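Engineer: Residue numbers (my numbering): 494 to 684.
Quick reminder that beta carbons are idealized off the backbone N, C-alpha and C, glycines included.
Predicted, not measured: the structure shown is a model, and the values here were computed from it.
Let me give you the structure first, and then I'll get to my questions.
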């Protein structure tokens, strides 16, 4: 069984209270709600996957190490001569090629696959170090869009920031803890 989140439905749900807060300000545009649901879904999906990255890197490195152990075993010519002769005969009878040829190809494939996994684990590890910034940036972009939409609807700047913060909380996204912190978070987007 796969222990990692690899797809499936994305949670684009906008809680009724969040929709109600937007409607109180006259925001009823279905396209905006569709956009907001999609953005919330992307954020939630990323937030679900991102914490598991260090574990994934570790699993990739363990798999690369296992491949190298098998590779090393094949290099030792650990197969007894009589065993290899019978393996050659069986392989040839069933698949039309010698065990020796398959083992040599397997060695090369294991070497390549192990090297690729090591490299990919390093890339993913770098991504994990950058992840929290990306996560907060995604949140701040949603926050900024909410603030802009509320301002267009006539809310004051302070009211728009506080309402946007509360909407995100209703959606299960924790962010800046005050209207002032929302101002800092959303002003960083405009730089």
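(1) Let me check understanding here. Comparing Cα to Cα, which of 548, 679, 573 and 577 lies closest to residue 630?
(2) Quick one: using the 10 Å Cβ neighbour count with 16 as the cut-off for buried, is residue 511 buried or exposed?
(3) In whole angstroms, what separates the C-alpha of residue 677 from that of residue 568?
(4) Per the contact definition of three or more C-beta pairs closer than 8 Å, is the stretch 631 to 643 in contact with the stretch 521 to 536?
(5) Taking Cβ positions, are residue 450 and residue 658 nearer each other than 8 Å?
(6) Using a Cβ-Cβ distance cut-off of 8 Å, determine whether residue 601 contacts chain E.
(7) Could you check where the alpha helix (DSSP H) with residue 590 kicks off and where it finishes?
(8) So does the stretch 546 to 558 actually touch the stretch 585 to 601, counting three or more Cβ pairs closer than 8 Å?
(9) Going by other Cβ atoms of all chains shown within 10 Å of its Cβ, with 16 needed for buried, is residue 637 buried or exposed?
(10) Tell me whether residue 656 sits in a helix, a strand or coil according to DSSP, three-state version.
(11) Taking the straight line between their C-alpha atoms, what separation do you get for residue 514 and residue 660?
Structural biologist: So, from the listed chains and residues:
(1) The residue from 548, 679, 573 and 577 with its alpha-carbon nearest to that of residue 630 is 679.
(2) Residue 511 counts as buried, since no fewer than 16 other beta carbons sit within 10 angstroms of its beta carbon.
(3) 59 Å
(4) yes
(5) With the chain covering only 494 through 684, there is no way to say anything about residue 450.
(6) The structure shown contains no chain E, having only a single protein chain.
(7) Neither: residue 590 is in no alpha helix (DSSP H) and is coded neither H nor E.
(8) no
(9) buried
(10) In this structure, DSSP gives residue 656 a helical state, which the three-state scheme calls helix.
(11) 7 Å
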